[in-house]
Structure formats: C-alpha cells, structure tokens
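Q: I'd like to ask some things about the structure below.
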Amino acid sequence: MRRPVDTPERLEFRRMQPEDLDRVVDIERAGFRNPWSRELLARELDHAWSHIVLAVDRDAGAERVLGYIVFWLVHDELHVLNIATAIEARRRGVGRALMLEAHGAGKDRGAVVATLEVRRSNAPALELYRSLGYRQVGIRPNYYQEEGEDAIVMILDL
Ligand SMILES: CC(C)(COP(=O)(O)OP(=O)(O)OC[C@H]1O[C@@H](n2cnc3c(N)ncnc32)[C@H](O)[C@@H]1OP(=O)(O)O)[C@@H](O)C(=O)NCCC(=O)NCCS
893 MRRPVDTPER
903 LEFRRMQPED
913 LDRVVDIERA
923 GFRNPWSREL
933 LARELDHAWS
943 HIVLAVDRDA
953 GAERVLGYIV
963 FWLVHDELHV
973 LNIATAIEAR
983 RRGVGRALML
993 EAHGAGKDRG
1003 AVVATLEVRR
1013 SNAPALELYR
1023 SLGYRQVGIR
1033 PNYYQEEGED
1043 AIVMILDL
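The opening position of the sequence shown corresponds to residue 893 in the numbering used here, with each subsequent residue numbered one higher.
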C-alpha cells in the first residue's frame, strides 16, 4: 500500500483558504478532545496577524492536506496556537516540518522568539517541541478548564 507521504521533502506548504475548512475541521476533530470549532478556525483566517499554514502532499495534480499549524506573529514573537497532523500521516515528519515552516516564516518577519502552551499530558507534542529545542519556562495551572489540566509554557529562541 502506498504511504500518504514518504519523506518530509515531498511535502509542500501553502496558506489555508476558506475552501480548506472541511478538511482542516476533520483533522482537528480527530486530533483533539476539545477541538476548535469551524467558526473559530474561519475567524482565524480573517485576522491579519494570524497564519494558518497547511502541509500538503501532491500526487499527480491531486493534493491531500496532511496537517496544519496556526500561529500568530506579533512584534518579535511567534506564538504557536495549534498544530495537528492527520492520524494516517503521523510520525512521518509532518509536524516537525510544519513547526520549521512556522519558524522560518517568523524569522523572515523579524521574530526572535517562539512561544506556545501545551497540555501537561500531551506526550507526543511535548516530545516534538523538546526535539526542536523548546524549553519549559513556566506552568499555567488549570489553563484547560474543561479537564482542570495545567499548561506547560515553552519557549525557543529563533
Ligand atoms: C503532536 C503532533 C502534531 C505530532 O505530529 P507528527 O506529524 O506525528 O510529528 P512528527 O512525525 O513530525 O514527529 C516529530 C517528533 O515528535 C516526537 N513525537 C511525535 N509523535 C510522538 C509520539 N506519539 N510519541 C513520542 N514522540 C512523538 C518525536 O520526537 C518525533 O521524532 P521521531 O519520529 O524522529 O522520533 C500529532 O501527534 C498530533 O496531531 N496530535 C494531536 C494534536 C495535538 O495534540 N497537537 C498539539 C497541540 S499543543
């Protein structure tokens, strides 16, 4: 069976468009217990400071969205709000490639630091961020109020 993506080099990146909402909502719902709503994702598309970048696998003209990252660029800070990889494409470098794409976009626009919050229990995401050099700088107690879960605050010098 052909794998959806063989190497990160095969990935392409592009800005999300309104017509991508259905696919992004599907990945979001599969990835999170408390997914962002369609309305929230649509609203992010309208904010000048917000960026949603898709990782796409293109094959014979057809493209498949494999993941996305949402980040804000404000002054010299890149803030990562959300990232998810489609379940069938996980552990093939898509998440890391999306993070590096965001770092590159941030650096191009003068960002010197990247920040994010992550659930204490989210081992895959914590491992991804640590592998990229993010370090823990604080904890926001009870940040995810539905489950009363703490957020780990992480930072990376770009
Ligand atoms: C976190 C997430 C985006 C990672 O995406 P991915 O495309 O599978 O990640 P990659 O293949 O690029 O993995 C890069 C590194 O992250 C770490 N990692 C990723 N998944 C992991 C897992 N399940 N367990 C442990 N480490 C993991 C590893 O260090 C990995 O490097 P390696 O494969 O060489 O060991 C994905 O698991 C996901 O969509 N999760 C649900 C949504 C979510 O929790 N988002 C984070 C919100 S803060």
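C-beta: ideal position from N, C-alpha, C; glycine also.
These numbers come from a predicted model, not from an experiment.
For Q1028, list the residues DSSP reports as bridge partners.
A: Counting from one through the sequence shown, the residue named residue 1028 turns up at place 136. DSSP, once it has assigned bridges, lists M1046 as partnering Q1028.
Q: In whole angstroms, what is the alpha-carbon distance linking V1029 and A954?
A: Mapped onto the sequence shown, residue 1029 falls at position 137. Mapped onto the sequence shown, residue 954 falls at position 62. Cα-Cα distance, rounded: 42 Å.
Q: Starting from E980, follow the alpha helix (DSSP H) in both directions and report where the run begins and ends.
A: Looking up residue 980 in the sequence shown gives position 88. Note, E980: premise wrong, no alpha helix (DSSP H); not H, not E.
Q: Out of S929, W928, V972, L937, point me to the one whose CA is closest to E911's CA.
A: Taking the first residue of the sequence shown as position 1, residue 911 is located at position 19. In terms of CA proximity to E911, L937 leads the group S929, W928, V972, L937.
Q: Taking 7 Å as the limit between beta carbons, can you name the residues of its chain near G1002, skipping five residues before and five after?
A: Here the question's residue 1002 lines up with position 110 in the sequence shown. If we look at G1002 and ignore the five residues flanking it on each side, its Cβ neighbours are D968.
Q: For W928 and V917, I'd like the C-alpha separation in whole angstroms.
A: Counting from 1 along the sequence shown, the entry for residue 928 is found at position 36. Counting from 1 along the sequence shown, the entry for residue 917 is found at position 25. Roughly 8 Å separates the two Cα atoms.
Q: Let me know the alpha helix (DSSP H) ranges lying completely inside the region 913-973, each 4 residues or longer, listed in chain order.
A: Scanning the region 913-973 from its first residue to its last, the whole alpha helix (DSSP H) runs of 4-plus residues come out as 913-923, 930-938.
Q: DSSP three-state label for A1006, please.
A: Counted from its first residue, the sequence shown places residue 1006 at position 114. Residue state, collapsed to three classes: strand.
Q: By how many angstroms is the C-alpha of V1005 removed from the C-alpha of P1033?
A: To locate residue 1033, count along the sequence shown from 1; it is residue 141. To locate residue 1005, count along the sequence shown from 1; it is residue 113. Going by the C-alpha atoms only, they are around 23 Å apart.
Q: What whole-angstrom Cβ distance do Y960 and I944 have, given they're in contact under 8 Å?
A: Locating residue 960 in the sequence shown gives position 68, counting from the first residue. Locating residue 944 in the sequence shown gives position 52, counting from the first residue. That belief holds up - the Cβ atoms of Y960 and I944 are roughly 6 Å apart, short of 8 Å.
Q: Tell me, which residues are paired with R907 by DSSP?
A: Taking the sequence shown and counting its residues from 1, the one referred to as residue 907 is at position 15. Note: R907 sits in a beta bridge opposite V945.
Q: Suppose you measure from the CA of N974 to the CA of R902; what does that come to, to the nearest Å?
A: For the purposes of this step, residue 974 is identified with residue 82 of the sequence shown, where counting begins at 1. For the purposes of this step, residue 902 is identified with residue 10 of the sequence shown, where counting begins at 1. One C-alpha to the other measures close to 23 Å.
Q: On the CB-based measure, 16 or more other CB atoms within 10 Å of its CB, does R894 come out buried or exposed?
A: For this step, residue 894 is matched to residue 2 along the sequence shown. Any answer about R894 is weak, because its pLDDT of 42 lies below 50 and its placement is not dependable; what the coordinates show is given next. Its Cβ having fewer than 16 others within 10 Å, R894 is exposed.
Q: Run the proximity test for A1014: is its beta-carbon closer than 6 Å to any non-hydrogen atom belonging to ligand 1?
A: Residue numbering aside, residue 1014 sits at position 122 when the sequence shown is read from its first letter. Looking at the sequence itself, residue 1014 is Asn, so the reference to Ala does not match. Correct: N1014 has its Cβ closer than 6 Å to ligand 1.
Q: Tell me which same chain residues have a C-beta within less than 6 Å of the C-beta of A922, skipping the five on either side of it?
A: Counting from 1 along the sequence shown, the entry for residue 922 is found at position 30. Same-chain partners within the cutoff: I979.
Q: Distance, Cα to Cα, V957 vs V1045?
A: Locating residue 957 in the sequence shown gives position 65, where the first residue counts as 1. Locating residue 1045 in the sequence shown gives position 153, where the first residue counts as 1. Answer to the nearest angstrom: the Cα atoms are 28 Å apart.
Q: Rounded to whole angstroms, how far is the Cβ of A934 from the Cβ of L913, which I believe are closer than 8 Å?
A: In the sequence shown, residue 934 corresponds to position 42, counting from 1. In the sequence shown, residue 913 corresponds to position 21, counting from 1. That pair is a contact at about 6 Å.
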